[in-house]
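To start, the structure itself, in structure tokens.
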Amino acid sequence: MNAPLAHVTPDAPSAADFDAVLQGGAYAILPQFGVIDANGDDAASFLHGQLTNDVQHLDVAGARLAGYCSAKGRLLASFLTWKSGETIRLMLSKDVQASVQKRLSMFVLRAKAKLTDDTDKLLVVGLAGDVRGALARVFDALPDGVHVKVDDPAGTLIRLPDAAGRLRYLWVGPKEAVEAKLATLEGELKAVPSTVWDWLDIRAGEPRITQAVSEQFVPQMVNYDVLGGVNFKKGCYPGQEVVARSQYRGTIKRRTALASVAAGLDAAHAGVELFHSDDPGQPCGMIVNAAAAPEGLVDLLAEIKLAALESGSVHLGSAEGPALRILPLPYALPTEV
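Residue numbers in the sequence shown follow our numbering, run continuously in steps of one, and reach 346 at the last position.
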């Protein structure tokens, strides 16, 4: 288990911030993400041998989720990855970027590949709601499907899974170019805090591996197999045997659920353990991600024993803690047999 981390509670978005997404269109600058760029003749083959997904055949018009595991098959990081020209770009949680980049770099050895932290050169922006009209004034074409991307001098635009029934796009490009284009949209789209994006990611059911939960979960525990973040036909990568064994031998007994709780972010945050009413002596799960939600609630993604969802109730921090309200995920989980 990792040592507990000091937790800083971010400012909660206002009702107007949520309304901007749900009733109109909004954008958020996203400093919670970092970007690692991989370049060189062997960059694709190197990353293909390290990550859970197929990087070797990454489509120039597509983006993919991928994970980076320890030898024990536990996720050290989760990425959205795509090609930008000759560069393979990896977007991940900023708080694990330095350690992950250092670890990956240790295995480059003789491969013609170089990993660089390009976070400071780029601006990462999330857009949600009724934003297509505004984006059409910046980009000549818009992505027509989830995880489809278009490239433009103003950067890369990637369509992400909807959240709370609203369209979502990720815009990543040179800082000055993105800032200049964003300024032209300020009358149409409301700027909202980055924490609104955290809530939307949760509502989309897409987990993010942060420092608080690094090395806690095999990919299936956070639904990465369902989300297309694992390719079971590709070659070896660190932890591949454990991940494959989890998939093909016996049932997967733990998954990630979407839930809501009446608690503050000081109590409900990544890494907090969950307890079942019928078995108060040991945890039945852990919060993967949590974010302030409308009406003063906290929405979260919770890695949890499937058996704990069948009866009784799941509670935050202890069996006497606030009860979680389990919500439907926006995608179906496989029926385990």
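Note that the Cβ used here is the ideal one computed from N, Cα and C, for glycine as well.
Just so you know, these numbers come straight off a predicted model, no measurement behind them.
Subject >> Anticipated Cβ contact below 8 Å, Pro228 with Thr61, distance rounded >> reply: Right, their Cβ atoms sit about 6 Å apart.
**OP:** Might you give, ordered along the chain, the residues of its own chain that have their beta carbon closer than 7 Å to the beta carbon of Glu312, omitting 5 neighbours on each side?
**Re:** For Glu312, same chain residues with a beta-carbon under 7 Å away, outside a window of 5 residues either side, are Phe226, Met230, Val231, Arg263, Thr265, Gly294, Met295 and Val297 in chain order.
Subject >> Residues near Ala200 by beta carbon distance below 8 Å, same chain, minus five either side >> reply: Contacts found: Ala35, Tyr36, Ala37 and Ile38.
Subject >> Nearest to Ala137 (by Cα), restricted to the options Val117, Asp287, Leu179 and Thr128 >> reply: Leu179
Subject >> Reference Pro247, options Glu95, Phe88 and Phe116, closest by Cα >> reply: Phe116
**OP:** Please name the residue, chosen from Ala29, Asp308, Val239 and Val251, that lies closest to Ala268 on a Cα-to-Cα basis.
**Re:** Asp308
**OP:** Would you mind reading off the limits of the beta strand (DSSP E) that contains Leu101?
**Re:** Thr96 to Ser102
**OP:** Return the residue from the list Gln59, Gln65 and Gly43 that minimises the CA-CA distance to Asp50.
**Re:** Gln65
Original post:
So, are the CB atoms of Ile45 and Leu99 less than 7 Å apart?
Top reply: For Ile45 and Leu99, yes; Cβs fall inside 7 Å.
**OP:** Excluding the 5 residues preceding and the 5 following Glu282 in the sequence, name in chain order all residues of the same chain whose CB lies nearer than 6 Å to its CB.
**Re:** Pro292 and Met295
Subject >> Segment contact flag, the stretch 103 to 123 with the stretch 180 to 193, C-beta cutoff 8 Å, min 3 pairs >> reply: no
Subject >> Identified DSSP bridge partners for Ala47 >> reply: Ala47 has Ile97 and Leu124 as its beta-bridge partners, per DSSP.
Original post:
From which residue to which residue does the alpha helix (DSSP H) around Ser269 run?
Top reply: First-last for Ser269: Arg263 to Val270, but that is the beta strand (DSSP E), not the alpha helix (DSSP H).
**OP:** Consider the Cβ of Pro331: report whether some Cβ of chain C lies at a distance smaller than 7 Å.
**Re:** Of the protein chains in this structure there is only one, and it is not chain C.
Original post:
Taking Cβ positions, are Thr128 and Gly76 nearer each other than 7 Å?
Top reply: no
**OP:** Can you give me the Cβ contacts of Lys103 inside the same chain, cut-off strictly under 8 Å, excluding the 5 residues immediately before and after it?
**Re:** Pro40, Gln41, Phe42, Gly43 and Thr128
Original post:
Start and end of the beta strand (DSSP E) containing His66?
Top reply: Bounds of any beta strand (DSSP E) do not take in His66, whose DSSP letter is neither H nor E.
Original post:
Under a three-way DSSP split, which group does Arg168 fall into?
Top reply: Of the three classes helix, strand and coil, the one that applies to Arg168 here is strand, per DSSP.
Subject >> DSSP beta-bridge partners of Gly71 >> reply: Val157
Subject >> Sequence-distant residues of the same chain with beta carbon closer than 8 Å to Gln59, five excluded per side >> reply: Tyr77, Leu113, Phe116, Tyr246 and Pro247
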